[in-house]
Amino acid sequence: MGWNGVQQTSGPPMVGRHAEREAIGRLLDAVRDGLSGVLVLTGEPGIGKTRLLDYAAARAAELRVVRLTAVESETGLGFGALHRLLRPFLNRTGPLPGPQRAALDAALGRVPGPPADRYLVGLATLTLLAEAAAEQPLLFLLDDAQWLDRESAEALAFTARRLHADSLGLIIAVRDGLGDSGLFDALNVLPVTGLPEPEALALLSFGAGRVDTTVADRIVAGTGGNPLALLELTDALAAEQLSGVAPLPDPLPVSRLLEGHFRRLVQALPPETGTLLLLLAAAPSDDTGTMWRAAGRLGLSARAAQQAVAAGILGRNTLTAFRHPLIRSTVYAGAEPGERRRVHAALAAVCDAVRDADRRAWHRAEAAEGMDEGVADDLEAASERARSRGGYSQQALFLSRAADFTGDPEKRAERLLDAAQAHLMSGDASAAGTALDLAGADIRGPVMRTRELRMRATAQMFRIAVADVPAMLSDAVTRLGTRDPRLTWELLCEALHAALVAHDCTRGTSLTEVAAAVVAARHDADSAGRGRDLLMEGLARRVAEGYEHGAPVLRSALDELRDSRAIGDATSPFAVMLVMACDDLWDARAGRELSDRLAAAERDAGALYALGITLLAEARYDLLDGRLAQAEVRYAEFDDIVAATGFPGGGDINRLHLFALTGRDGELRAAVRRTAEMRSIGLGLHHLMARHALASFEVGRGHYRQALQHARAVYEEDPPTCGNLVLPLIVEAGVRTGDRDAVDRALSRLEARAPLAGTPWALGTLALGRALTADGDDAEKFYQESVELLGEGPLGLELARSRLLFGEWLRRRKRRSEARRQLRAAYESFDAFGAVLYAERARIELLATGEKARRRTEETRFDLTPRERQVAAMAASGLTNGEIAARLFVTASTVEFHLNKVFRKLGITSRKQIPRAIGEPGPETGG
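In the numbering used here, the protein residues as written are 466 to 1392.
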């Protein structure tokens, strides 16, 4: 590994690779210009990825070059590769924001602390490297990335996705067919393929001199233009074969056989040289001290390396560097098991028992054979240290290996269950399932079986396949019995969460049955969790016993949460339940406040998965207040988080109401079709939300019969999240179509529920429903009441809709002057929001009063991209570049880059002008 400068390689000049060299050149130019670039080179072994990294390093004038080659034998050591990569910069962690510094220090084992969130580690890596690059542009070259430990790979992928204007380049080489975690798939991937025939022939002639034309053609065709195969074949084939006198082997030794060629080269060396090569392959490449101490224990000297250099296995300049990464993996994979164990035993013996305890435990495991409780205990202790650093996939690997050496079946199952839990914490639901399957018949007793079922349910939730989850968790509750009331309550709450999302798509139980079980198991929580527990109880009572029983409990829950200083655990997706409760009580103010607080806590904790769900909740309240552009910003950030976490819930199904309000018919209906398809995995609630969005869309277009058809489906199912919100749409559509039955039913439900909720939104909606069905003075009184009440909350969209309906009523009674006032206010609001269907409806009504109302041209502020809009809004609220960077998981230089573009697009010259330019309140008004 070279930390600075370039490790020069001897050999033939590079031929061809024009596209790859141009891509590297563009990346280097961008870095020199203060921007960033990422390139992922993929291809089969020997295709030339390492050579391209050499090329990049040689042309990185004025850049600081840091190079790392991942090692197969260290794949299980969490954050190990990241530690080696960051080692030159760890003296610069002092200025990092506190949460980032704490996370990085914990991850790298520098200080004791709570487990590090892996996304905060990624952000710390990004900030640290960007600060270093501000002094001198940086180029990172990472070879054999398929051997990265998962934690390091996640941190680097996180960093790579957020590089923008940081004078930092990253080129990653990864072998096809290995390390298929998909972490780098979203980056700029450039497949490296075989050389075209003319260039392959040129390279062949350089390596072998004169080669018979027919033989050369066959070699090029047989190797697929693989450069390493071409060059190695010239060494492996006899002169008679190259000249065409003797036949070529059939098939040619390429692809996997190329590894056989290297293996034969190694096997031809003296035994002590072969053992030294195996030691080099098993040891970390940057820890030569450990490697030579282990060599001493094995009775090896540096002289053993000379013949490997002569054979072209090791480089001539560095005795511990393999000529090609493929040789390292070939040496390790091809060694006899007993010889591998002997080498790992030597490495374990020379590792410091305290400083290198994890590496020592791993080498002991690789050296062991059969059941060994001592090795298993060391691995379990190492897993605890990994957990304390937030290295959950490393924890899982240590525990799985510990299980391999554990003789007692019950203890083995416990370790595999713990491994499955660690996999879930790392976001790898598939690996968790594998660990649970391995535990299999060894899982004994109700407590262990409960753990297993809960983890299987969690894995299903992560895949958003929720149909079977309520029944799985209900089964776990049954198995647990009365042993642990708190755990029973947690399991039931998780089951209720899944059942509410699945709605009518549960299998093996029903939403009503789960809700009844929650009510029966009512839990008296401590003060810290009281608000959350009350909220779950309230939702359960709402489903099992009716709105009149659920609403008071939900009101107490929201009051408790608003009064509490902390909203609770920042790592669980609580926002789903929060939105259901707030919408069911028509409480936009609580929803806005609590979702904002929750998002702030999750940002501070780096809890991206939970933050993503909360962003959708914040977008919900943006839409209610008419802040459609801000909602789009939240959706864009959610999609970015989905890419970072692998959560499968992204895409346009989250933008249903945005599409409806902005009149995007095609996109809305495509998203609705997706929600219908997702019923098969249990997402019944999403389809009801889609019907609600369609009802709103059709009302905006004045297609009331279609609107009523969609709204009725939601009315009948009555889900907490939109069962109440659809009621005013039914009243309006029923009045317009003369469907008195639909009107009476919806208004009756409003009359019963709105007073129980008691919020301005609820009472304003009730007043609007009464106004639509009343006559004369009563109707006017109710319209005025609705406008007044809806004006009290962050409900810009609902207020504008009430004014539109009031204006329409006034116009039909020939009160044009008063109608204009209401219609003008509605039109200007809808138009400013970007709610085009409702704006057009208000404009046409306004024209009918005799007032001209032109369609406005789109304002400049709507030319901003979602990220620019987000940065501008945060700057408008008074946040510094550093504070914005920490919230958005980017660097301060990237924030500055986006702000400069905002200034140019808006035609402004200072941050003080941003609030007015984008229509946001400034810090003076409380933002």
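C-beta atoms are modelled at their ideal positions from N, C-alpha and C, and glycine is treated no differently. A quick note: this is a predicted structure, and the numbers were derived from the prediction, not measured.
Within 7 Å, strictly: CB atoms of residue i and residue j
i: Ala568; j: Leu585; result: yes
i: Ala1005; j: Ala1046; result: no
i: Leu1409; j: Glu1097; result: Residue 1409 lies beyond the residue range present for the chain, which begins at 466 and ends at 1392; the question has no answer from this structure.
i: Ala1094; j: Asp1117; result: no
i: Pro1113; j: Ile929; result: yes
i: Gly1149; j: His968; result: yes
i: Leu844; j: Ala826; result: yes
i: Phe1412; j: Ala1265; result: No statement about residue 1412 is possible, as the shown extent of the chain runs from 466 to 1392 and does not include it.
i: Cys1187; j: Met1154; result: yes
i: Ala1082; j: Ser1060; result: yes
i: Ser1267; j: Ser1251; result: yes
Contacting residues, own chain, Cβ-Cβ under 8 Å from residue i (five flanking each side not counted)
i: Glu879; result: Met913
i: Thr755; result: Ala748, Pro749, Leu812, Val815, Cys816, Asp821
i: Gly946; result: Pro911
Beta-carbon proximity list for residue i, same chain, < 6 Å, skipping 5 on both sides
i: Ala651; result: Ala1108
i: Leu593; result: Phe554
i: Ala769; result: Glu737, Thr738, Leu741
i: Phe727; result: Ile792, Thr795
i: Glu838; result: none
i: Glu1273; result: Glu1310
i: Leu607; result: Leu533, Ile637
Counted within 10 angstroms of its Cβ, other Cβ atoms place residue i as buried (16 or more) or exposed
i: Asn1346; result: buried
i: Gly1372; result: exposed
i: Asn691; result: buried
i: Gly1071; result: buried
i: Gln886; result: buried
i: Glu425; result: Since the first residue of the chain shown is 466 and the last is 1392, residue 425 is not available in this structure.
i: Met836; result: exposed
i: Asn1365; result: exposed
i: Gln565; result: buried
i: Ala1031; result: exposed
Residue i in three-state terms, based on DSSP
i: Ser501; result: strand
i: Asp1104; result: helix
i: Phe649; result: coil
i: Ile1373; result: coil
i: Leu763; result: coil
i: Gly634; result: strand
i: Thr534; result: strand
i: Pro656; result: strand
i: Phe671; result: helix
i: Asp940; result: helix
i: Leu1123; result: helix
i: Val639; result: strand
i: Gly754; result: helix
i: Leu547; result: helix
i: Asp608; result: strand
i: Arg529; result: strand
i: Leu1344; result: coil
i: Leu506; result: strand
i: Phe787; result: strand
i: Leu702; result: coil
i: Leu779; result: strand
i: Leu1260; result: coil
Spatial neighbours of residue i in its chain, beta-carbon cut-off 7 Å, leaving aside the 5 residues before and after
i: Ala1022; result: Gly996, Leu999, Leu1000, Gly1003, Ala1046
i: Asp1090; result: Pro1259, Leu1260, Gly1261, Leu1262
i: Gly545; result: Glu539, Asp614, Ser617
i: Thr923; result: Leu889
i: Met926; result: Val934, Ala963
i: Leu1212; result: Val1196, Gly1234, Thr1238
Proximity test, Cβ basis, 7 Å: residue i and chain D
i: Tyr1169; result: The structure shown contains no chain D; it is built from a single protein chain.
Any chance the segment 1192-1203 sits against the segment 1168-1180, with 3 or more Cβ pairs inside 8 Å? yes
Counting Cβ pairs, one atom from each stretch, are 3 or more of them under 8 Å apart for the segment 629-638 and the segment 517-526? yes
Across the segment 799-812 and the segment 731-747, are there enough close Cβ pairs to call them in contact, namely three or more that are closer than 8 Å? yes
Tell me whether the segment 1336-1345 and the segment 1369-1384 touch, counting them as touching only if at least three CB pairs, one residue from each stretch, are closer than 8 Å. yes
Under 8 Å: do the segment 1045-1064 and the segment 1221-1236 share three or more Cβ pairs, one atom per stretch? yes
Taking 8 Å as the cut-off, does the segment 488-508 touch the segment 668-682 (at least 3 CB pairs, one atom from each stretch)? no
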